[in-house]
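Enquirer: Quick one: this structure, given as C-alpha cells, is what I'll be asking you about.
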Amino acid sequence: MRTTTHRVIILVVAILLSPSVLGDVVRWDFESDLDLREWVPNSHLSNVVIEDGVLRAAAIDWDPFLLCRSTAIEATAYQYVVIRLRADGPGIGELFWSGELEGQYGGLTERKKVRFSVEGDDRWQEIVVFPFWHTERVVRQLRLDLYQGAHFEIDWVCVRDWGGGRSPNAFGVWGLGGDVAGWQIHPGALNLFAPPVRIDVSDKTWVTVQLKSDRPGVAAVLWALEDAPGVQSEDFSILGDGKLHAYNLRIADNPAWRGRILAFGIRLPAEAKAWLESVRLGKEPSGPGEIEFCYFGFEDGTNRVGRPCRLLAQVVNRGGGPQGVRGVHLILPEAVQLVSEPAKLYHPGLEHGEIARFTWEIAAAKAGSYRVGLLFSGKGSLPPQQTVSLQFTEPVDRPAADYVPPPRPVKTAVDICAFYFPGWDTAQKWDCVRDVAPYRKPLLGYYDESNPECVDWQIKWAVENGISCFLVDWYWVEGRRQLTHWFEAYQRARYRDFLKVAIMWANHNPPNTHSVDDLLSVTRHWIEEYFPLKSYYHIDGKPAVFIWSPRGIRADLGSVETVRETLRRSQALAREAGYEGITFVAMGNDFSGTGVQALLEEGYAGITTYHEWGSTVDGAVSTKLFDFRDVVRESTAAWRRKNRAAGSLHYYPLVDTGWDSRPWHGDKAMVIQGRTPQLFEELLWQGRSFCVENDKPILVLGPVNEWGEGSYIEPCTEFGFEMLEAVRRVFANGDAADWPANTAPQDVGRGPYDFPLPDPHD
0 MRTTTHRVII LVVAILLSPS VLGDVVRWDF ESDLDLREWV PNSHLSNVVI EDGVLRAAAI
60 DWDPFLLCRS TAIEATAYQY VVIRLRADGP GIGELFWSGE LEGQYGGLTE RKKVRFSVEG
120 DDRWQEIVVF PFWHTERVVR QLRLDLYQGA HFEIDWVCVR DWGGGRSPNA FGVWGLGGDV
180 AGWQIHPGAL NLFAPPVRID VSDKTWVTVQ LKSDRPGVAA VLWALEDAPG VQSEDFSILG
240 DGKLHAYNLR IADNPAWRGR ILAFGIRLPA EAKAWLESVR LGKEPSGPGE IEFCYFGFED
300 GTNRVGRPCR LLAQVVNRGG GPQGVRGVHL ILPEAVQLVS EPAKLYHPGL EHGEIARFTW
360 EIAAAKAGSY RVGLLFSGKG SLPPQQTVSL QFTEPVDRPA ADYVPPPRPV KTAVDICAFY
420 FPGWDTAQKW DCVRDVAPYR KPLLGYYDES NPECVDWQIK WAVENGISCF LVDWYWVEGR
480 RQLTHWFEAY QRARYRDFLK VAIMWANHNP PNTHSVDDLL SVTRHWIEEY FPLKSYYHID
540 GKPAVFIWSP RGIRADLGSV ETVRETLRRS QALAREAGYE GITFVAMGND FSGTGVQALL
600 EEGYAGITTY HEWGSTVDGA VSTKLFDFRD VVRESTAAWR RKNRAAGSLH YYPLVDTGWD
660 SRPWHGDKAM VIQGRTPQLF EELLWQGRSF CVENDKPILV LGPVNEWGEG SYIEPCTEFG
720 FEMLEAVRRV FANGDAADWP ANTAPQDVGR GPYDFPLPDP HD
C-alpha cells in the first residue's frame with residue numbers, strides 16, 4: 000500500500016510539473032469591446048468586433064496589427080505564447096515584444112520578434128511561439144502582426160510558463176530513446192525543448208543528434224543565449240530510410256553559438272515520424288563513420304553512342320568517425336563496355352565531411368537505356384548498392400565546326416524573357432556545385448562566363464528554344480560595379496543581336512547607398528553603355544529597366560515624391576539622348592494597395608517577381624522542404640491575385656524554374672524537390688493560357704542559370720535540353736519538324752570550356 004501511495008505522489012508531481020499544465024502567466028479572452036482598449040487595432044484592420052468571446056477582423060492593407068501596451072510581464076527564458084485563431088487564407092504572422100515603450104518604432108525592433116505560419120483553412124489553430132524575451136526583464140508591450148487579404152478570428156492569447164522552477168542541467172548530454180514527452184512543451188509546438196539548462200558552450204564545438212525518420216526532411220538544433228533575445232537555430236537535413244543515423248553539426252561555425260545558453264531544443268520535420276535517440280554537445284563529432292552517396296551517373300549532359308562517356312560516383316562521409324572503402328565494384332551490362340577505370344578502386348579512410356570521387360569511361364554501340372550498378376565493400380557503414388539507368392543517344396549528324404554554328408531562332412506569340420545571373424567568372428565559384436550537386440554540371444562544363452564563345456552557345460540555345468530576351472542581373476552601388484564580365488562577353492559575341500537583353504538592377508544595396516545624384520549617374524551609364532545596343536530590349540517603344548528593390552530606393556531617398564521627381568529626371572535624360580524615355584519595371588512581392596499605389600506614383604510602368612512559388616512555400620516559416628507539384632498547382636492562382644492587385648501597373652507573370660540552394664547554403668537551404676521537365680512543361684502551359692486569357696505580351700521565366708540557388712534550365716547533366724525544349728513546345732510557332740535540332744559543343748568538335756581544375760599539390 001505504501002509503494003502504491005509513493006507511485007501516486009510521484010505521478011501527481013510529474014503531472015503538476017508538466018509544462019502544459021503549469022498555468023497561464025497572463026491571458027486575454029476577448030469577452031467585450033473593452034478588450035479593444037488593451038489590444039488596439041490599427042487602420043489596416045477593418046470591421047473589428049468582439050462577439051461571443053471572439054475578436055473578428057478583416058486585414059485590408061499591407062501592415063495590419065493589434066497592439067497591446069497595457070501589460071507588465073515578469074519575463075523569463077521559460078515562457079511561451081499561445082494564440083488561438085483561425086483565418087480564411089494562409090500567411091505568415093509575427094509577434095513583436097519589448098520592455099520599452101519609447102524609441103524609433105515605439106520601442107519595437109526587428110530583433111525582438113518571432114514569425115509563425117497560419118494554415119488559413121478556417122479551422123481553429125493554436126499558434127505556439129517561444130520568444131525567449133528574458134533579456135527584457137519586464138515585457139511592457141506586445142504587437143500581433145497579421146497579413147493582408149484574410150479574415151481573422153482570435154479566441155484568446157496567453158503567456159505560459161514551462162520552466163516550473165526546475166534546476167538547470169549543465170552537462171549537455173541527453174539520452175531519450177525515442178521518448179520526447181519531457182521535451183514536448185505544447186502539443187501544437189514543433190519546437191521541442193529540454194528541461195532548463197545553463198551550459199557554457201565555449202568548448203562545445205559539435206552537436207551530435209542521433210535519430211531516425213520515415214521520410215527525408217530538414218530538422219534544426221535550437222538554443223537561447225543568456226544575453227540575447229530570441230531563439231537561435233542551425234538546420235540539418237535528415238534521411239528518410241527509417242534507420243538510425245548520427246548527424247554531426249559543427250555548431251561553433253554559427254556565430255550565435257557562444258557564451259552560456261539557457262535553453263536547448265530540437266525541431267523535427269512536421270510531416271515525418273521521427274525517433275529521437277540522443278543528443279550530445281561535445282568537442283568532436285561522434286558516432287561511427289557513414290559513407291553516403293552524393294551522386295552516381297553520367298558526369299556530362301551529352302552521351303552519344305560510339306564514344307567514351309564519363310561515369311561519376313561521388314560519396315561523402317556523414318558520420319563522426321573515419322570510414323574506409325575496401326573495394327568499389329562497377330556492374331555493367333554486356334552491351335556497355337568499360338573503356339577506363341580509376342587508378343584506385345578503394346579509399347583508405349574518409350574523415351567527417353570528406354568527399355571521394357571515382358570516375359570511369361564507358362561506351363555503348365547502340366542507343367538506348369542501360370542499367371548500371373555500383374557496390375562498395377568493406378567494414379563499417381557503407382551505402383547499399385546503387386543502380387542507375389543511363390541513356391546513350393544517337394550521334395548528331397553535324398560536321399565539325401570552327402565556331403558555334405549560327406542560331407536559327409524560332410518565333411513565339413509572346414516575348415519569353417528569362418532572368419540571367421552572371422556569377423560564374425572564376426573556377427572557385429563552381430566548387431560548391433561540383434561538391435554538392437555534380438548532376439547540375441552545365442553542358443558547357445564548369446565554364447568561364449567571360450568567354451564570348453560560351454555566350455554564343457547560350458544565345459543559340461535560348462533563341463532556338465523560344466527565349467527572346469535575357470534580363471541580366473546587374474550590380475551598381477554608388478558607382479561601384481561587379482559581375483560585368485557576362486555583359487562584356489555578350490558585347491563581343493558574334494551572335495549578340497539574336498538575343499535581346501535588358502538590365503535587372505539587382506539593387507539589394509546597403510542602406511543609404513541610393514541618392515538622387517547616384518540615380519541620375521546610373522541612368523547616364525545605362526544610356527551610354529547599354530541602351531545603344533541594337534538588341535537592347537524595349538517595352539512600349541522605350542528601353543526597359545527592371546529594378547529589384549523600389550522600396551530600397553524609396554527608403555534612401557525619403558519619400559515617394561522624391562523618387563517620382565528623380566525618375567522623371569531619368570526619363571528626361573533618356574529623351575535628351577534620343578530615346579522615348581525608359582520603361583521602369585518594379586520587382587518584388589509587395590502587391591498591397593499602398594505598395595502598388597506608391598509604385599504608380601513614382602513612375603513605374605510594370606511589375607513582376609524573381610520567383611513565383613505559390614502560397615504553400617510563401618506561407619511557411621520553419622518548413623524547408625517542399626514539392627514542385629505545389630508550385631505547379633498554385634501558380635495560376637498567384638498570377639491571378641497579383642494581376643488583380645497590380646491595377647494599372649502592367650503585371651508580367653513569372654514561371655518559376657525551381658529552388659534548391661544547398662550548394663550555397665548547405666543544410667540551411669530551402670529545397671523545392673521533384674522538379675521535372677514534365678512538371679515544368681505543365682507549368683508553362685498554364686503560363687501560356689494565362690497570357691492568352693489576360694492579353695499579356697510578355698511572360699517571364701525564372702533564372703536560367705542560378706546553379707547555386709537551384710534555379711536553372713540551361714542544358715546540363717541532369718536534364719540535357721529537356722527544360723529548354725519544353726519552352727519551345729509550349730510557345731514556339733510553326734511546325735515542330737522545322738525547328739532546329741539542339742546541338743551540344745561536342746557534337747561539332749567544340750569545347751571543352753571548363754576552367755582548368757586546380758592542382759591538388761599546389
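Here numbering that gives the first Met the number 0 is used: position 173 in the sequence shown is 172, and no number is missing along the way. Don't be surprised by glycine CBs; every beta carbon is placed ideally from N, CA and C. Remember, predicted model here, so these are calculated numbers, not experimental data.
1. Can you find at least 3 beta carbon pairs, one from the region 684-696 and one from the region 657-666, that sit closer than 8 Å?
2. Measure the C-alpha to C-alpha separation of glycine 618 and valine 172 and round it to an integer number of angstroms.
3. To the nearest whole angstrom, what separates the beta carbons of aspartate 299 and threonine 742, a pair I think is in contact under 8 Å?
4. Using a threshold of 8 Å, state whether the C-beta atoms of arginine 762 and leucine 100 are closer than that.
5. When burial is assigned at 16 or more other CB atoms within 10 Å of the CB, is valine 20 buried or exposed?
6. Is valine 729 buried or exposed, if buried means 16 or more other CB atoms sit within 10 Å of its CB?
7. Please go through the same chain and pick out, in chain order, the residues whose beta-carbon is closer than 7 Å to the beta-carbon of asparagine 316, but skip the five residues on each side of it.
8. Could you check the C-alpha separation between leucine 756 and cysteine 431 for me, to the nearest Å?
9. Is the region 203-210 touching the region 245-259 in the sense that three or more CB pairs, one from each, lie closer than 8 Å?
10. Which stretch, first to last residue, makes up the alpha helix (DSSP H) that contains tryptophan 456?
11. Based on DSSP bridge pairs, tell me the residues matched to cysteine 715.
12. Give the DSSP-derived three-state secondary structure of valine 765 in the structure shown.
13. Return the CA-CA distance between phenylalanine 418 and methionine 722, expressed in angstroms with no decimal places.
14. Quick one: give me the first and last residue of the alpha helix (DSSP H) that glutamine 147 is part of.
15. With H, G and I counted as helix, E and B as strand and the rest as coil, what does DSSP make of serine 201?
16. Looking at the secondary structure, which residues open and close the beta strand (DSSP E) in which histidine 244 lies?
17. Using beta-carbon positions only, say whether valine 39 and isoleucine 153 come within less than 8 Å of one another.
18. Answer with buried or exposed for glutamine 140, where buried requires no fewer than 16 other C-beta atoms within 10 angstroms of its C-beta.
19. Looking at the unbroken beta strand (DSSP E) that takes in valine 371, where does it start and where does it end?
20. Taking all protein chains shown into account, do 16 or more other C-beta atoms lie within 10 angstroms of the C-beta of arginine 749, making it buried, or fewer, making it exposed?
21. I need the DSSP call for asparagine 168, collapsed to helix, strand or coil.
22. Hey, would you say valine 327 sits closer than 8 Å to leucine 344, going by beta carbons?
23. Which residue's Cα is closest to the Cα of proline 228: Gln124, Glu633, Gly318 and Gln78?
24. Which first and last residues belong to the beta strand (DSSP E) in which proline 354 is found?
25. Taking the alpha carbon of glutamine 745 as the reference point, which residue from Trp256, Pro404, Leu682 and His43 has its own alpha carbon closest?
26. Using the beta-carbon count (16 or more within 10 Å), is arginine 266 buried or exposed?
27. Roughly how many whole angstroms lie between the Cα atoms of glutamate 118 and arginine 55?
28. Does the Cβ-Cβ distance between valine 581 and valine 631 come in under 8 Å?
29. Restricting to Cα atoms, I'd like to know which of Leu329, Val304 and Val200 is closest to lysine 282.
30. With respect to the alpha helix (DSSP H) encompassing glutamate 633, which residues constitute its N-terminal and C-terminal limits?
31. Is it true that the CB of valine 703 sits closer than 8 Å to the CB of tyrosine 711?
32. For the alpha helix (DSSP H) containing tryptophan 663, list its first residue and its last residue.
33. Does DSSP put proline 755 in a helix, in a strand, or in coil?
34. Have a look at the DSSP bridge pairing and note the partners of proline 542.
35. Report all residues from its chain with a CB closer than 6 Å to the CB of glycine 709; omit the five preceding and five following residues, and keep chain order.
36. On a Cα-Cα basis, can you pick out the residue from Thr301, Leu470, Met586 and Arg553 that is closest to asparagine 511?
Expert: Reading off the structure:
1. no
2. Walking along the sequence shown from the start, residue 618 turns up at place 619. Walking along the sequence shown from the start, residue 172 turns up at place 173. Glycine 618 and valine 172: Cα-Cα distance of roughly 35 Å.
3. For the purposes of this step, residue 299 is taken as residue 300 along the sequence shown, with counting starting at 1. For the purposes of this step, residue 742 is taken as residue 743 along the sequence shown, with counting starting at 1. Their Cβ separation, rounded to whole angstroms, is 15 Å, which puts aspartate 299 and threonine 742 out of contact at 8 Å.
4. No information on residue 762 is available, as it lies outside the stretch 0 to 761 that the chain covers here.
5. Start at 1 with the first residue of the sequence shown, and residue 20 comes out as number 21. With a pLDDT of 46 at valine 20, under the threshold of 50, the predicted position of this residue should be treated as unreliable, though the coordinate-derived value follows. Valine 20 should be labelled exposed.
6. The residue given as residue 729 occupies position 730 in the sequence shown. The residue in question, valine 729, is buried, as its Cβ has 16 or more Cβ neighbours within 10 Å.
7. Numbered from its first residue, the sequence shown carries residue 316 at position 317. Excluding sequence neighbours, asparagine 316 sits near Gly288, Glu289, Ile290, Gln322, Leu349, Glu350, His351, Gly352 and Glu353.
8. Along the sequence shown, read from residue 1 onward, the residue named residue 756 stands at position 757. Along the sequence shown, read from residue 1 onward, the residue named residue 431 stands at position 432. Their backbone Cα atoms lie some 14 Å apart in a straight line.
9. yes
10. Taking the sequence shown and counting its residues from 1, the one referred to as residue 456 is at position 457. Unbroken alpha helix (DSSP H) run through tryptophan 456: 451-462.
11. Start at 1 with the first residue of the sequence shown, and residue 715 comes out as number 716. Per DSSP, Pro441 and Gly719.
12. A query on residue 765 cannot be resolved here, the shown segment of the chain reaching from 0 to 761 and no further.
13. To locate residue 418, count along the sequence shown from 1; it is residue 419. To locate residue 722, count along the sequence shown from 1; it is residue 723. One C-alpha to the other measures close to 15 Å.
14. Stepping through the sequence shown from its first residue, residue 147 is reached at position 148. Taken as a continuous stretch (DSSP letters only), glutamine 147 belongs to no alpha helix (DSSP H), as it is neither H nor E.
15. On the sequence shown, residue 201 is found 202 positions in, with the first residue counted as 1. In this structure, serine 201 counts as coil in the three-state DSSP scheme.
16. Counting from one through the sequence shown, the residue named residue 244 turns up at place 245. Per DSSP, histidine 244 belongs to the beta strand (DSSP E) from 244-248.
17. Counted from its first residue, the sequence shown places residue 39 at position 40. Counted from its first residue, the sequence shown places residue 153 at position 154. Contact: no.
18. Counting from one through the sequence shown, the residue named residue 140 turns up at place 141. Looking at its Cβ environment, which holds 16 or more other Cβ atoms inside 10 Å, glutamine 140 is buried.
19. In the sequence shown, residue 371 corresponds to position 372, counting from 1. Element bounds for valine 371: 367-376.
20. To locate residue 749, count along the sequence shown from 1; it is residue 750. It is buried - the Cβ of arginine 749 has at least 16 other Cβ atoms within 10 Å.
21. Position 169 of the sequence shown holds residue 168. Strand.
22. Residue numbering aside, residue 327 sits at position 328 when the sequence shown is read from its first letter. Residue numbering aside, residue 344 sits at position 345 when the sequence shown is read from its first letter. Taking 8 Å as the Cβ cut-off, valine 327 and leucine 344 qualify as a contacting pair.
23. By one-based count along the sequence shown, residue 228 stands at place 229. It is Gln78 whose Cα lies nearest to the Cα of proline 228.
24. On the sequence shown, position 355 is the one that residue 354 refers to. The amino acid occupying residue 354 in the given sequence is isoleucine; proline does not appear at that position. 354-363 is the extent of the beta strand (DSSP E) around isoleucine 354.
25. For this step, residue 745 is matched to residue 746 along the sequence shown. The residue with the shortest Cα to Cα distance from glutamine 745 is Pro404.
26. Here residue 266 is taken as the residue at index 267 of the sequence shown, counted from 1. Flag for arginine 266 reads buried.
27. Residue mapping note: residue 118 aligns to position 119 of the sequence shown, counting from 1. Residue mapping note: residue 55 aligns to position 56 of the sequence shown, counting from 1. Their Cα atoms are separated by approximately 17 Å.
28. Here the question's residue 581 lines up with position 582 in the sequence shown. Here the question's residue 631 lines up with position 632 in the sequence shown. For the record, residue 581 in the displayed sequence is isoleucine; it is not valine. Not closer than 8 Å, so no.
29. Walking along the sequence shown from the start, residue 282 turns up at place 283. Per the Cα distances, Val200.
30. Sequence index remark: in the sequence shown, residue 633 carries index 634 (1-based). Here the alpha helix (DSSP H) through glutamate 633 covers 627-645.
31. Counting from one through the sequence shown, the residue named residue 711 turns up at place 712. Counting from one through the sequence shown, the residue named residue 703 turns up at place 704. Yes, Cβ-Cβ distance for tyrosine 711 and valine 703 is below 8 Å.
32. Taking the first residue of the sequence shown as 1, we reach residue 663 at position 664. 661-664 is the span of the alpha helix (DSSP H), which, as asked, contains tryptophan 663.
33. Taking the sequence shown and counting its residues from 1, one reaches residue 755 at position 756. The answer is coil: DSSP assigns proline 755 none of H, G, I, E or B.
34. Translated into the one-based positions of the sequence shown, residue 542 becomes position 543. Note: proline 542 sits in a beta bridge opposite His537.
35. Position 710 of the sequence shown, counted from the first residue, corresponds to residue 709. Within the same chain, glycine 709 has close Cβ partners Gly657, Trp658, Asp659 and Ser660.
36. Translated into the one-based positions of the sequence shown, residue 511 becomes position 512. Nearest of Thr301, Leu470, Met586 and Arg553 to asparagine 511, Cα basis: Arg553.
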